[in-house]
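These notes concern the structure reproduced below.
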Amino acid sequence: MDKIIREEARLIILRALADEPDGRCNSSLLVRHLEVFGINRPRSWTEAEVRELENRGAVRVMEAGSVLVAQLTARGQDHLERRAFLDGVKRPSLPEA
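When the letters of the sequence shown are read in order and numbered with the working numbering, they come out as residues 926 to 1022.
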């Protein structure tokens, strides 16, 4: 079950970044995005998932004080648009016709 939750969380994080005008969001705000979907984990857990997305090339990460700021990359956007898929990240649903 832990693997499924982590893969789902990574997709939620990518979607949250894509919804931002500049494609960026800090780890504290990402915690709130995950809570909306019933994933209640501490910021340290969320930051570990952000780092995992960085390792997969889906985001770039900058440190800003005590938080991480993640920025969506082209590779992360490709996953969201189903042009390419990232291992360890849930595949997005097909758009409804």
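Where is the CB? At the ideal position from N, CA and C, for every residue including glycine.
Under the three-state DSSP convention, the category residue i falls into
i: glutamate 945; result: coil
i: glutamate 933; result: helix
i: glutamate 1006; result: coil
i: asparagine 965; result: coil
i: glutamate 960; result: helix
i: arginine 981; result: coil
i: valine 975; result: helix
i: leucine 939; result: helix
i: leucine 1011; result: coil
i: leucine 955; result: helix
Span separating the alpha-carbon of residue i from that of residue j
i: alanine 943; j: lysine 1015; result: 15 Å
i: isoleucine 930; j: leucine 1005; result: 18 Å
Nearest candidate by alpha-carbon position, reference residue i, set the options
i: arginine 985; options: Met926, Leu997, Asn965; result: Leu997
i: valine 994; options: Leu1019, Ser1018, Arg968; result: Arg968
i: alanine 973; options: Asp947, Pro1020, Ala1009, Val956; result: Val956
Contact belief for residue i with residue j at Cβ below 8 Å, rounded distance in angstroms
i: glycine 1013; j: glutamate 933; result: Incorrect: roughly 11 Å between the Cβ atoms, too far for contact.
i: leucine 936; j: proline 1020; result: The Cβ separation is near 15 Å, so there is no contact.
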